[in-house]
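Reading through the structure tokens given below for one structure.
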Amino acid sequence: MRATLILCNRRVKSLAKLYRFCTCLYNARRMVATVVGHRSSVVFQGDAMNLLAEMSWEQVKEYLARDDRVILPLGSTEEHGRHLGLGTDSFEAEAIARGAGEVTGVAVAPTLNYGMALMQMAFPGTLSLRPTTLIAALEDLLRALYRHGFRRVFVVNGHGGNAAALSSAAQMATQDAPGLRVKSFEWWTDAESYRVVIEMLGEQVGSHASPGETALMLAICPRAVYLERSTGRDAPVKPSREMTTVQNFAQKYPDGIMGRDPRGATREVGEALLKKSVEICAREIAGWT
Numbered sequence: 038m039r040a041t042l043i044l045c046n047r048r049v050k051s052l053a054k055l056y057r058f059c060t061c062l063y064n065a066r067r068m069v070a071t072v073v074g075h076r077s078s079v080v081f082q083g084d085a086m087n088l089l090a091e092m093s094w095e096q097v098k099e100y101l102a103r104d105d106r107v108i109l110p111l112g113s114t115e116e117h118g119r120h121l122g123l124g125t126d127s128f129e130a131e132a133i134a135r136g137a138g139e140v141t142g143v144a145v146a147p148t149l150n151y152g153m154a155l156m157q158m159a160f161p162g163t164l165s166l167r168p169t170t171l172i173a174a175l176e177d178l179l180r181a182l183y184r185h186g187f188r189r190v191f192v193v194n195g196h197g198g199n200a201a202a203l204s205s206a207a208q209m210a211t212q213d214a215p216g217l218r219v220k221s222f223e224w225w226t227d228a229e230s231y232r233v234v235i236e237m238l239g240e241q242v243g244s245h246a247s248p249g250e251t252a253l254m255l256a257i258c259p260r261a262v263y264l265e266r267s268t269g270r271d272a273p274v275k276p277s278r279e280m281t282t283v284q285n286f287a288q289k290y291p292d293g294i295m296g297r298d299p300r301g302a303t304r305e306v307g308e309a310l311l312k313k314s315v316e317i318c319a320r321e322i323a324g325w326t
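So, in structure tokens, the structure goes:
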């Protein structure tokens with residue numbers, strides 16, 4: 038009898054733990070993050086978004102019956118100094134894309150996590166596509182989206198090295214795809230979003246893996262930020278007619294940082310930049326007729 042009671046008591050405790058776990062899981066599902074839930078510290082409240090990766094083909098068909106817009110996050114897997122994870126560009130693009138998708142209700146395609154990062158191949162972990170490969174991949178994706186009925190593709194680009202390939206792919210895909218239109222957004226080239234960083238960081242904003250980008254990562258994925266590893270050195274980007282290539286990038290920027298010491302970054306700056314970037318993209322997408 039005593040053994041039976043002990044066994045029952047253990048089962049009750051196990052069920053209680055299971056209940057608490059399920060309750061936490063349910064509550065977590067109610068919090069829709071701007072980037073994959075376990076990566077993000079900045080969240081939006083609301084119902085699940087239209088993520089293509091989580092939709093069935095039938096749900097996509099139903100979506101296309103009412104809307105032909107889609108958001109495509111474009112990232113990269115490359116070095117970002119000693120202090121940022123290799124997925125920085127992908128995390129940032131996906132966070133902005135998902136935020137805009139939640140605000141507008143527009144479908145968000147899975148992130149393309151590889152880009153053109155040949156310059157950084159001297160740093161372990163960088164995984165680059167050749168420019169021709171990236172152009173072909175993007176053209177294929179645009180054509181696939183078009184075939185299914187998407188006509189307006191809004192690309193959130195997280196890596197400057199992707200810009201030329203994206204432009205080429207859009208030119209090629211639209212040649213024989215009547216009605217296909219492509220727009221793109223980059224937070225560092227958009228005057229409105231970049232102004233937020235300038236006003237808060239001044240000349241400390243920097244370029245690649247500098248305070249601006251580091252701040253955004255502190256807001257999006259703080260667990261992939263290792264500021265204690267930063268050397269604290271500035272790495273000025275000096276004007277030159279010589280192209281930066283894989284042969285000289287590491288010589289010019291031995292830490293992988295282009296610009297200012299990233300230790301001036303704060304989460305508050307990153308949250309402001311993320312909010313403004315989402316706002317700009319959502320406004321552009323909502324007004325796209």
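Numbers in the numbering used here are just positions in the sequence shown, counted from 1, shifted up by 37.
No residue lacks a Cβ here, since even glycine has one placed at the ideal position from N, Cα and C.
From a predicted model like this one, the values you see are computed outputs, not experimental measurements.
By Cβ distance below 6 angstroms, which residues in the same chain neighbour residue i in space, the five residues on each side in sequence not counted?
| i | result |
| --- | --- |
| R304 | L255 and A256 |
| Y183 | A214 and L217 |
| K313 | S230 and V233 |
Roughly how many angstroms lie between the CA atoms of residue i and residue j, to the nearest whole one?
| i | j | result |
| --- | --- | --- |
| T60 | S267 | Note that T60 scores a pLDDT of 40, beneath 50, so its modelled location is shaky and nothing firm can be said. |
| A181 | A174 | 10 angstroms |
| R167 | E229 | 32 angstroms |
| V242 | D292 | 17 angstroms |
| D126 | E95 | 31 angstroms |
| K275 | V97 | 48 angstroms |
| G269 | A134 | 31 angstroms |
| Q208 | E115 | 26 angstroms |
| E129 | F187 | 24 angstroms |
| V306 | G324 | 27 angstroms |
| F160 | A309 | 31 angstroms |
| S204 | T163 | 23 angstroms |
| A102 | H185 | 11 angstroms |
What do you get for residue i, buried or exposed, if any count of 16 or more other CB atoms within 10 angstroms of its CB means buried?
| i | result |
| --- | --- |
| H245 | buried |
| G83 | Since pLDDT at G83 reaches only 41, below the 50 mark, its modelled position is unreliable, and no value is offered. |
| S247 | buried |
| T148 | buried |
If you measure from the beta carbon of residue i to each beta carbon in chain C, is any gap under 8 angstroms?
| i | result |
| --- | --- |
| G269 | Within the model displayed, chain C is absent; a lone protein chain is all it includes. |
Assuming residue i contacts residue j (C-beta within less than 8 angstroms), just tell me the rounded distance between them.
| i | j | result |
| --- | --- | --- |
| L109 | A146 | 5 angstroms |
| P286 | M153 | In the sequence as displayed, the identity of residue 286 is Phe instead of Pro. Their Cβ separation, rounded to whole angstroms, is 13 angstroms, which puts F286 and M153 out of contact at 8 angstroms. |
| L238 | G249 | 6 angstroms |
| G124 | N150 | 7 angstroms |
Please work out which residues of its chain come closer than 8 angstroms, Cβ to Cβ, to residue i, disregarding the five sequence neighbours upstream and downstream, and give them in chain order.
| i | result |
| --- | --- |
| M158 | S165 and V283 |
| T281 | M156 and K289 |
| Y63 | The predicted position of Y63 is uncertain, since its pLDDT is 38 and thus under 50; a value taken from the coordinates is nonetheless stated next. The answer is none, since no qualifying residue turns up. |
| L311 | T71, V79, A132, I133, G136, L253, A256 and I257 |
| E240 | R297 |
Taking C-beta to C-beta, are residue i and residue j nearer than 8 angstroms?
| i | j | result |
| --- | --- | --- |
| V193 | L111 | yes |
| A272 | G296 | yes |
| I322 | T141 | yes |
| F222 | R106 | no |
| S113 | G195 | yes |
| T211 | L121 | no |
Which same chain residues end up closer than 7 angstroms to residue i when comparing Cβ atoms and leaving out the 5 residues on each side of it in sequence?
| i | result |
| --- | --- |
| F58 | Model confidence at F58 stands at a pLDDT of 40, short of 50, so the residue's coordinates are unreliable and nothing is read from them. |
| A206 | I172, L175, E176 and L179 |
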